[in-house]
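I have placed the structure first, in the form of structure tokens, so that the comments after it can refer back to it.
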Amino acid sequence: CGVAAVYGNSEASNHVYLSLYAFQHRGQESAGIASCFPGERFTSHRGRGLVSEVFDEKKLSELKGSIAIGHNRYSTSGKAILENAQPFSIEYARGRLSLAHNGNLVNSHHLRRELEQKGAIFRTTNDSEVLLHLIAHNRHDTFIDVLKSVFSRVRGAYSIVMTDSERVYGMRDPLGIRPLILGELEEGLVLVSESCALDLMGASFVREVNPGELIVIDGKGYESIELLPVPGNTAHCIFEFIYFARPDSYQFGSYVHDVRKELGRTLAREDSTEADVVIPVPDSGIVPTLGYSQESGVPFEMGLIRNHYVGRTFIEPRQSIRHFGVKIKLNPVRSIIEGKRVIVIDDSIVRGTTSRKIIKMIRDCGAKEVHMRIAAPPTICPCFYGVDTPTRTELIAHNHTLDQIRTYITADTLQYLSHEGMFASAKGGKEMFCSACFDGDYPVPFDEHCHMQD
Ligand code: SF4
Ligand code: MG
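Here the sequence shown is numbered in the working numbering, starting from 2 and rising by one per residue.
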């Protein structure tokens, strides 16, 4: 998902809209914005689909006020229904609250059951609604103490923006699993999931919100509160660098582009395949392929053309649509491929179905050899922190050998990036990143059985 918040700007909802537009790739299932004038009630609009489908000029102009928060939803927890679209807005004993959450809580089932036993009624199947109930039920005096108490019970990944209609709050889990960036407009302050949104809004980058930190924004500026104790390590999602974030975003101390290119360079250093051309699977394969080409000297060509009017196929949760998606999305360029020894680079193989189809397309164009290279290690485990990977058994690398995968996708050779190569490219070690989908070392423990029932 993607979240954004603006405080103190007469065009708050327009800026949030632009942010959601900038990180549309973080979630295409639904979008929503809630806005208000300080101390007044929220106006909100949420809908299914892309930001451009959910909002039009009229809807946006109705979202008045100098405070706004927004959300792009990517289904990882709860069903793909409108009720699950965020921001969630409530009125309760303490006043008002609107909240948008990126990430996934791993103990929400347990917390939810406990709340239901106390009489709480849930309107959605979403893990983020649990947060609202915990906040509303909490008896501490100050809102900061409420948050401290609530978030000390919550486990998992969360980058959250909230408003009580007076202030805007931004916070990150103690391991900093998902990104959250603080920026500054000429008029007002902003919080966004990805820094590429700052560029579009014309905001300047202030800094990343720290793990375990709460940022409180009001008319005087922003205040930093150490909300939760942090361990010595972090668990930034390394898959953000590999696939999820936009290359023009800065997060976890690096430009995504630089890391992604280095992943390709490292992949080339670990490889010695002779080929006539190296081509990316667009879009996620482009930057690593550039790095691979520069390091290896194999010429880079855009051998596959992507139709940009189709969303990322992966984000569409239904398997039947995925299959259709690959064909309408990509088409090879015959003059680049015919008679050539081709290296094709992608960021990951999940089920293997896309890769298999891509290789078939390349062969049908007359390639002499097709060598598949992946700019990450094999995806062997599902993510429980906010990326929608399929179940363990659907992950081809979970229960197949390298050679079995190669045979399935019909490549002449197949090679992945090493784990060491991945960490070296991201300029950090295991103590800095979550890499659980590549090695099964989950930084936040959870009950997988509970979780799978979603
Ligand atoms: Fe990211 Fe993978 Fe960890 Fe999920 S399991 S947070 S996708 S590195
Ligand atoms: Mg891709």
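A virtual CB, placed ideally from N, CA and C, is assigned to each residue, including glycine.
All values reported here derive from a predicted model rather than from experimental measurement.
Residue i CB to nearest heavy atom of the ligand SF4 below 7 Å
i	result
Cys384	yes
Val327	no
Val388	yes
Ser436	yes
Phe242	no
Ile239	yes
Ile338	no
Ile381	no
Ile1	Given a span of 2 to 455 for the chain in the structure shown, any question on residue 1 remains unanswerable.
Ile306	no
Ile178	yes
Contacts around residue i, its chain only, beta-carbon distance under 6 Å, and the 5 residues preceding and following it disregarded
i	result
Asp442	none
Ile182	Val193, Ser196 and Glu209
Ser109	Asp128 and Val131
Arg407	Leu415
Phe439	Pro378
Ile91	Leu98 and Leu133
Ser20	Ala5, Val193 and Ala198
Arg313	In this prediction, Arg313 has a pLDDT of 49, which is less than 50 and means its spatial position is unreliable; nothing more can be read from the coordinates.
Ser150	Asn139 and His141
Val162	Val4, Ala6, Ile70, Ala101, Gly171 and Leu192
Cβ-based burial, residue i [other Cβ within 10 Å; buried from 16]
i	result
Gly33	buried
Met303	exposed
Ser36	buried
Gly254	exposed
Ala94	exposed
Pro383	buried
Leu100	buried
Glu432	exposed
Asp142	exposed
Tyr417	buried
Asn308	exposed
Gln252	buried
Lys119	exposed
Gly286	buried
Tyr310	exposed
Gly430	exposed
Thr394	exposed
Ile243	buried
Leu228	buried
Lys262	buried
Glu339	exposed
Any non-hydrogen atom of the ligand MG within 7 Å of residue i CB
i	result
Val282	yes
Ser99	no
Gly286	yes
Asp348	yes
Cβ neighbours of residue i in the same chain (closer than 7 Å, five flanking residues each side left out)
i	result
Lys341	Asp277, Val278, Ala368 and Lys369
Gln25	Leu51, Val52 and Asn73
Thr235	Leu176, Gly177, Pro212 and Met433
Tyr8	Ile68, Val169, Gly189, Leu190 and Ile218
Glu224	Val217
Residues that DSSP places opposite residue i in a beta bridge
i	result
His372	Ile344 and Thr414
Cys435	Cys238
Ser294	Answer by DSSP bridge pairing: none, since Ser294 is not bridged.
Ser205	Glu185
Leu192	Ala6 and Leu183
Beta-carbon contacts of residue i that lie in its chain and below 8 Å, excluding the five residues immediately before and after
i	result
Met362	Leu305, Leu331, Asn332 and Pro333
Gly203	Leu186 and Glu187
Ile359	Val282, Leu305, Val327, Leu331, Val345 and Asp347
Phe447	Val107, Asn108, Arg156, Gly157 and Phe385
Pro391	Val351, Arg352 and Pro383
Arg179	Asn103, Gly104, Ala158, Tyr159, Ser160, Arg173, Ser194, Cys238, Glu241, Tyr386 and Gly387
Tyr409	Gly353, Arg357, Ile397 and His401
Val55	Ser31, Ala32, Gly33, His46, Arg47, Gly48 and Arg49
Contact test: residue i Cβ vs the ligand FAD heavy atom, cutoff 7 Å
i	result
Pro248	Only the ligand SF4 and the ligand MG can be found as ligands here, which leaves the ligand FAD out of the picture.
Discussion item. If we require 4 or more residues per run, which alpha helix (DSSP H) segments fall completely within the region 102-181?
Written reply: 109-118, 129-138 and 144-152
Worksheet item: Can you list, in chain order, the stretches of the alpha helix (DSSP H) that have 4 or more residues and sit fully within the region 27-95?
Response: 52-55 and 58-63
Worksheet item: Can you list the alpha helix (DSSP H) stretches of 4 or more residues lying completely in the region 206-279, in chain order?
Response: 257-270
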